[in-house]
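K.L.:
Here numbering that gives the first Met the number 0 is used: the first residue of the sequence shown is 0, the next is one more, and so on. Glycine included, each C-beta is placed from N, C-alpha and C at the ideal position. Please read through the structure below; I'll follow up with questions.
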Amino acid sequence: MYSTTKRFPASCRFFTQGNCRAGQDCHFAHILPFNGSPKNTIHSVIIEENDLDSPTQDLNSIQKAIRNLELGQLEKKYSAFFQNTTQKDMNTLVDLLLPLEDKEDLKVQLVIPYSYPDTQCTLQIQNSNMTPETKSDIQAAFEDYEWHQMRHKTLVQQLDWLTTHFNNL
Numbered sequence: 000m001y002s003t004t005k006r007f008p009a010s011c012r013f014f015t016q017g018n019c020r021a022g023q024d025c026h027f028a029h030i031l032p033f034n035g036s037p038k039n040t041i042h043s044v045i046i047e048e049n050d051l052d053s054p055t056q057d058l059n060s061i062q063k064a065i066r067n068l069e070l071g072q073l074e075k076k077y078s079a080f081f082q083n084t085t086q087k088d089m090n091t092l093v094d095l096l097l098p099l100e101d102k103e104d105l106k107v108q109l110v111i112p113y114s115y116p117d118t119q120c121t122l123q124i125q126n127s128n129m130t131p132e133t134k135s136d137i138q139a140a141f142e143d144y145e146w147h148q149m150r151h152k153t154l155v156q157q158l159d160w161l162t163t164h165f166n167n168l
C-alpha cells in the first residue's frame, strides 16, 4: 500500500479539524483525540443551518418532489391524451383518454394521493359501455399489490402497462 518504510501514515489534518470528506478512503490516519471526538465546529454550523430535527418534513419533501417529477413526466408523455387535472384535498385527479390498439379509446381517471409514492395511485374507468365487472377486473389488475411492490413503477410505466396489457385483461 505504501512505498515508504513508515509503519503508520501521517495524521489527517482535515479529520482533526472535523471535516475530512474522504472518510475511509482517506490515505491519512484518522486519530481520535484523548477528549473524545474531533472538533465539530464546521459540522455544528451545517446542522444549525439545516433543520434536521424534523425527518418527517424531509421525507414529505422527498415524496412531494418524486410526485411532482412523475406528474410532469406523465403530462409530457401523455399530453395529447390529457383531458383534465384537478387538485383535491388529499389527491390529484388526472382524466385521460387513452388510445387502444383494436378498441375504442379508454376513459380513465388516475387518482394520485399526496402521499404518493408511499401510497399507490388508483384507477377509475369512466367508459359507460363497459360492464361493472369488467371495470372492476381491470382496476384490480392495475392496482395489484404484488405488481407494484416488486419495484417502484412510475406513473408513466403504470399507464404504459395498462395500454399494452389491456387486451389481456
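#1: Buried or exposed for LEU99, please, with buried defined as at least 16 other CB atoms from any protein chain shown within 10 angstroms of its CB.
#2: Output needed for GLN138: all residues of its chain with C-beta closer than 8 angstroms, excluding positions within five of it in sequence on either side, in chain order.
#3: Can you tell me which of PHE165, PRO131, GLY71 and ALA9 puts its alpha carbon nearest to the alpha carbon of ILE111?
#4: Between the C-alpha atoms of ALA79 and ASN59, what's the straight-line distance to the nearest angstrom?
#5: Would you list the one or two residues that DSSP bridges to LEU109?
#6: Grouping DSSP H, G and I as helix and E and B as strand, with all else coil, what is THR163?
#7: Return the residue from the list SER114, LEU95 and TYR113 that minimises the CA-CA distance to LEU105.
P.N.:
Well, looking at it:
#1: Indexing the sequence shown from 1 puts residue 99 at position 100. Its Cβ having fewer than 16 others within 10 Å, LEU99 is exposed.
#2: Residue 138 sits at position 139 when you count from the first residue of the sequence shown. Excluding positions up to five away in sequence, the list reads THR121, LEU122, GLN123 and ILE124.
#3: As a working mapping, residue 111 is identified with position 112 in the sequence shown. Here the closest residue by C-alpha is GLY71.
#4: Residue numbering aside, residue 79 sits at position 80 when the sequence shown is read from its first letter. Residue numbering aside, residue 59 sits at position 60 when the sequence shown is read from its first letter. In this structure, the CA atom of ALA79 is about 31 angstroms from the CA atom of ASN59.
#5: As a first step, residue 109 is located in the sequence shown; it is residue number 110 there, counting from the start. Bridge partners of LEU109: VAL93 and LEU122.
#6: Here residue 163 is taken as the residue at index 164 of the sequence shown, counted from 1. Shown here, THR163 sits in a helix according to DSSP, grouped into three states.
#7: Taking the first residue of the sequence shown as 1, we reach residue 105 at position 106. Among SER114, LEU95 and TYR113, the Cα nearest to that of LEU105 belongs to LEU95.
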